[in-house]
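Our numbering applies: residue 14 is where the sequence shown begins, and numbers increase by one.
These notes concern the structure reproduced below.
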Amino acid sequence: MENRDITDQKILKRTPAMKEKTPIVANFLILLAILVVLMAGSGCMYPKTEKLPGAMTSDVTYEVVGDTAVIEERRISGRWWVTVHCDYWAGCFMRCDGSRSQCRQLAEDAQFNVLSILPY
Numbered sequence: 014m015e016n017r018d019i020t021d022q023k024i025l026k027r028t029p030a031m032k033e034k035t036p037i038v039a040n041f042l043i044l045l046a047i048l049v050v051l052m053a054g055s056g057c058m059y060p061k062t063e064k065l066p067g068a069m070t071s072d073v074t075y076e077v078v079g080d081t082a083v084i085e086e087r088r089i090s091g092r093w094w095v096t097v098h099c100d101y102w103a104g105c106f107m108r109c110d111g112s113r114s115q116c117r118q119l120a121e122d123a124q125f126n127v128l129s130i131l132p133y
């Protein structure tokens with residue numbers, strides 16, 4: 014009988030340690046979930062666009078509306094992200110409404126090195 018009492022005491026001693034680990038893990042998971050929700054809700058912020066003074070010669074007729082280059086004689090309507098080479102750490106892009114080939118030509122006429130063109 015005395016041996017059983019010692020075993021029961023060992024079990025009782027282990028139980029509080031297990032209960033202490035559970036809140037730590039639960040708190041970590043809750044904080045992780047809050048962090049994910051806050052980061053997902055913040056979205057991504059783009060810097061204000063820079064408009065450089067000067068004229069550009071291009072065969073593509075376009076107009077800048079807001080921050081988007083809108084091609085007037087569009088054969089196919091679509092909006093594209095034209096990623097161009099620059100020294101900015103997050104990269105540089107141009108938003109363009111028109112066909113893919115017209116948007117590429119407009120970026121190349123502006124003397125940009127086009128890296129990729131992706132749908133908006």
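Beta carbons: idealized from backbone N, C-alpha and C, even for Gly.
Secondary structure of residue i, DSSP reduced to three states
i, result
"Val73", "coil"
"Ser112", "coil"
"Asn126", "coil"
Proximal residues to residue i (C-beta, below 7 Å), its chain only, five neighbours per side dropped
i, result
"Gly104", "Thr96"
One or two residues paired with residue i in a DSSP bridge
i, result
"Ala103", "None, per the DSSP bridge assignment."
"Ala82", "Val77 and Cys109"
"Arg92", "Asp110"
"Leu131", "Trp94"
Whole-angstrom distance between residue j and residue i, CA atom to CA atom
i, j, result
"Gly54", "Asn40", "21 Å"
"Gly79", "Asp110", "12 Å"
"Ser129", "Pro36", "48 Å"
"Leu131", "Met52", "24 Å"
"Asp122", "Leu42", "52 Å"
"Val49", "Gly91", "33 Å"
"Thr74", "Ile47", "48 Å"
"Arg113", "Trp93", "7 Å"
Contact set for residue i: own chain, Cβ-Cβ below 8 Å, skip 5 residues either direction
i, result
"Asn126", "Val97 and His98"
"Ala120", "Val95, Val97, Met107, Cys109 and Val127"
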